[in-house]
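The numbering of the sequence shown is the numbering used here, which starts it at 551 and goes up by one. The C-beta atom is built at its ideal place from N, Cα and C for all residues, glycine as well.
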Amino acid sequence: MPEKKKRRRRGRYGFLLTFFIIAALIFSFILTGGLFFKIKEIRVEGVAATSPEDVIALSGFTYGENIFLINKITAARAVIARLPYVKGVRIKRELPGTVVVVITEAAPAAVVAHRGLYWLFDAQGTLLESSSTAPELPVVKGFGLLDPMPGTKIYPAFEDTAKPDPLLNLLQSMQTEGIWERVGEIDVSLLSNVRFTYAGKYKVELGTPDMLPKKFRVMLQALEDEKVSGRGPGTLYLAGAAEDKPVRFLPDGS
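Here is the structure:
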C-alpha cells in the first residue's frame, strides 16, 4: 500500500509539473510574440465599393499589437455592422506580422428614386447608397421608401402588400434566369400586373408575380420566334404563361 501511494503522489506531481511547464512555455511564447509577432501590415482584399481605410479603422486592429491577441470575430462583426456593402468578412493571420481582411461585397440589384436621389439596393433588400445620377441598373417604380439610410432594409409602400417579398423575389428570379442585365424599368404599382421593359424595345406584362422562372423562360422562347422578334418593339403579355396559355405579342402602333 505505501508503495502504491508513493506512485500516485509521483503521478500527481508529474502531472502538475507538466502543466506548469506547458503554462510557462505558453506565457513565454506570448511575451516573445509581443516582440516578434507585432502587426506590421494590414491588407484588405475584395473591396470595390468599400474603402480599405474604413475597414481597417472599424476592425480595431492597430499596428504594433500582438497578432495572436486580435479578436477576429469582434472585428468582423464591427465591419459588417457599419459598412452597407460588406456582406462577409474573413480574417487571416500571415506570420510573422500581416493581417489579411478578405471582404465579400454586396452587388446592387436595382434602384428606386426618392426625393431627387437614386437609392441602390441589393437582392436581399438592403439599401447600399444613394446617387444623384441614375446608375445603369433596373429602376423600380411604384415603390416608396421611408427615411432611407445605407444599411437599412427597404421599406415598401405597395398597394396590395406591406412586405417587400414580391419585389425581391422578382429581382432574384431575374438574376437566376439570366435576364436581369437587360431589364430597364420595373413597375410594381399593381401587384396584379407587374410590368417591366426588356432589351430596350419590349414591354412585358407579367400579371401576378408568381411562377416567375416559367414565365421568364416562356418570354425568352417567345423572343426567339421571328414572329415576335421580326415585328419590332411591342408588348408581351405573360399573364397566362403559368397555365400554358399562348403568349400574346402586340407590336407598338397596332
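- prompt: When you compare only the Cα positions, how much space is there between Trp669 and Gly782?
  reply: 33 Å
- prompt: Roughly how many angstroms separate the alpha carbons of Ala791 and Ser804, rounded to a whole number?
  reply: 22 Å
task: Say whether the segment 652 to 666 touches the segment 584 to 599, bearing in mind that this needs 3 or more beta-carbon pairs closer than 8 Å, one atom from each stretch.
output: yes
- request: Could you tell me if Lys765 is buried or exposed, where buried requires 16 or more neighbouring beta carbons within 10 angstroms of its beta carbon?
  value: buried
message: Quick check on DSSP: helix, strand or coil for Glu735?
response: strand
- request: Have a look at Ala673 and Val650 and give me their C-alpha separation to the nearest angstrom.
  value: 28 Å
- prompt: Buried or exposed: where does Thr683 fall if 16 or more other Cβ atoms within 10 Å of its Cβ makes it buried?
  reply: exposed
Secondary structure, beta strand (DSSP E): runs of 3+ residues fully inside the segment 660 to 731: 667 to 672, 677 to 681 and 689 to 691
- prompt: If Thr785 and Lys751 are in contact, beta carbons under 8 Å, what's the gap, nearest whole angstrom?
  reply: The Cβ separation is near 11 Å, so there is no contact.
message: Using the three-state DSSP reduction, which class does Glu774 fall into: helix, strand or coil?
response: helix
- prompt: Are the beta-carbon atoms of Val738 and Leu762 separated by less than 9 Å?
  reply: no
task: Measuring alpha carbon to alpha carbon, tell me which of Pro796, Asp760 and Leu756 ends up nearest Asp775.
output: Pro796
query: What separation, rounded to the nearest whole angstrom, lies between the Cα atoms of Gly734 and Leu687?
result: 7 Å
- prompt: Taking Met769 as the reference, which of Asn616, Ile736 and Ile729 has the closest Cα?
  reply: Ile729
query: Out of Val639, Ala663, Arg643 and Pro634, which has the shortest C-alpha to C-alpha gap to Lys590?
result: Arg643
message: By the DSSP assignment, the beta strand (DSSP E) with Lys637 in it spans what residues?
response: Val636 to Glu644
- prompt: Closest by CA to Leu695, which one among Glu595, Pro685, Gly666 and Asn719?
  reply: Gly666
query: Could you give the distance in angstroms between the alpha-carbon of Phe799 and the alpha-carbon of Ala607?
result: 56 Å
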